[in-house]
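Colleague: Numbering (our numbering), first residue to last: 60 to 372.
Note that CB positions come from ideal geometry on N, CA and C, so glycine has one too.
Remember, it's a predicted structure, so these values are computed and weren't measured experimentally.
This is the structure, below, for whatever I ask next.
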DNA sequence: CGTTGAACCTGTTTGC
DNA sequence: TGCAAACAGGTTCAAC
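So this is what it looks like as structure tokens:
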């Protein structure tokens, strides 16, 4: 029914972690011989990428929030605030980084190809080009990384509590804000809130201590389980490596509008919070006082080309 | 300051 | 049956 849940790409923290692990095996230690670019509107500075990558070795592949970080050779002075040299890759919604043999036919929407020294190529494929690629080094790289919040799997309870209560915004918005926590996306935010029995529209500042603790535990637990199951199904690259993700089978609310809550059988609802589809159990997750799921009707403001939609399933 | 909505882009799904 | 419009995802930016 909810057909789009079987889309095979929803790269959030667990999916990106899975890709990073696969790439560690496939490309670490390889030298980049040359670069071929297709469409470049999602690349920060295409010329720099083209000029700087050839000759460098891929030293490591790390996950940083939803980014993949390909650490590159060329600045041995790394450390102490100097992050060295790296290629930053954000998969956006439909991005894939695929190690493939040169002779393998290129998929449609292949926009970046790195020729490696072992007969393989690392190909970036992204139909919608919602991703981002940037070559960054030294201070610029450090600065860019500093912009993001804590890693949800590494952050301690105290810091988590401080961050999630710091602003007077809805908890869903806070979870999705990469400057608060890095790596959480729509699926895992909803799943965690359900597990912690917190309504997505609840204000972060209003959360009780026990709720913050529940959320902290739920988020880590869910992310770890999802990683163990290789995320919620993702790219072909994984097929080559092993199995597609399995976590989507464990979704309790995401994409399950109208189906019974697995705790209390109440039909799961979908509302828009923080501008995003949010799935929750209206019984387990009590709405904050004064929050009305106002119909998104009356969009009279949009005159444009009769763009106002008024969806309201 | 926080929230909302549009824009970016394309493949897939829905609706008439 | 066929085509047009809606819709999804993450992020940024402009406008309330």
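Hey, residue 262 and residue 228 are a contact pair by Cβ (cut 8 angstroms); roughly how many whole angstroms apart?
Modeller: 7 angstroms
Colleague: I'd like the list of long-range same chain contacts for residue 340, defined as Cβ closer than 8 angstroms, with 5 residues on each side in sequence excluded.
Modeller: Counting only Cβ-Cβ distances below 8 angstroms, and skipping sequence neighbours, we find 253, 312, 320, 322, 323, 325, 327, 328.
Colleague: Can you list, in chain order, the residues of its chain whose CB lies under 6 angstroms from that of residue 70, leaving out five sequence neighbours each side?
Modeller: 150
Colleague: State buried or exposed for residue 283, treating a residue as buried only when at least 16 other CB atoms are found within 10 Å of its CB.
Modeller: exposed
Colleague: For the stretch 238–262, list the alpha helix (DSSP H) runs that are entirely contained and at least 4 residues long, ordered along the chain.
Modeller: At a cut-off of 4 residues, the continuous stretches assigned as alpha helix (DSSP H) that sit fully inside the stretch 238–262 are 245–255.
Colleague: Is the Cβ-Cβ distance between residue 160 and residue 120 less than 8 angstroms?
Modeller: no
Colleague: Leaving out five residues on either side along the sequence, give the residues of the same chain with a beta carbon under 6 angstroms from the beta carbon of residue 82.
Modeller: 120
Colleague: Excluding the 5 residues preceding and the 5 following residue 269 in the sequence, name in chain order all residues of the same chain whose CB lies nearer than 7 angstroms to its CB.
Modeller: none
Colleague: Of all the beta strand (DSSP E) runs that stay within the bounds of the stretch 66–104, which reach a length of 3 or more residues?
Modeller: 91–96
Colleague: Please classify residue 163 as buried or exposed, where buried requires at least 16 neighbouring CB atoms within 10 angstroms.
Modeller: exposed
Colleague: Tell me, please, whether the stretch 172–187 touches the stretch 141–155 by the rule of three or more beta-carbon pairs shorter than 8 angstroms.
Modeller: yes
Colleague: Relative to the C-alpha of residue 202, which candidate in 342, 143, 107 has its C-alpha closest?
Modeller: 143
Colleague: Would you kindly work out how many angstroms separate the C-alpha atoms of residue 332 and residue 212, rounded to a whole number?
Modeller: 24 angstroms
Colleague: For residue 170, does the three-state DSSP call read helix, strand or coil?
Modeller: Assignment of residue 170 by DSSP, reduced to helix, strand and coil, places it in the strand class.
Colleague: Taking only the alpha-carbon atoms, compute the straight-line gap between residue 168 and residue 183 and give it to the nearest angstrom.
Modeller: 8 angstroms
Colleague: Going by the CB atoms, is the gap between residue 84 and residue 117 shorter than 8 angstroms?
Modeller: no
Colleague: Do the CB positions of residue 279 and residue 255 come within less than 8 angstroms of each other?
Modeller: no
Colleague: Near residue 194, which residues of its chain fall below 6 angstroms by C-beta distance, leaving aside the five closest residues on each side in sequence?
Modeller: 107, 108, 111, 146
Colleague: Quick one: what does DSSP say residue 319 is sitting in, helix, strand or coil?
Modeller: strand
Colleague: List the endpoints of the continuous beta strand (DSSP E) containing residue 149.
Modeller: 144–149
Colleague: Give the single residue among 176, 180, 288 whose Cα lies nearest to the Cα of residue 158.
Modeller: 180
Colleague: By the DSSP assignment, the alpha helix (DSSP H) with residue 313 in it spans what residues?
Modeller: No alpha helix (DSSP H) holds residue 313; DSSP gives it neither H nor E.
Colleague: Secondary structure at residue 162, three-state DSSP: helix, strand or coil?
Modeller: coil
Colleague: Going by DSSP, which residues form a beta bridge with residue 337?
Modeller: 330
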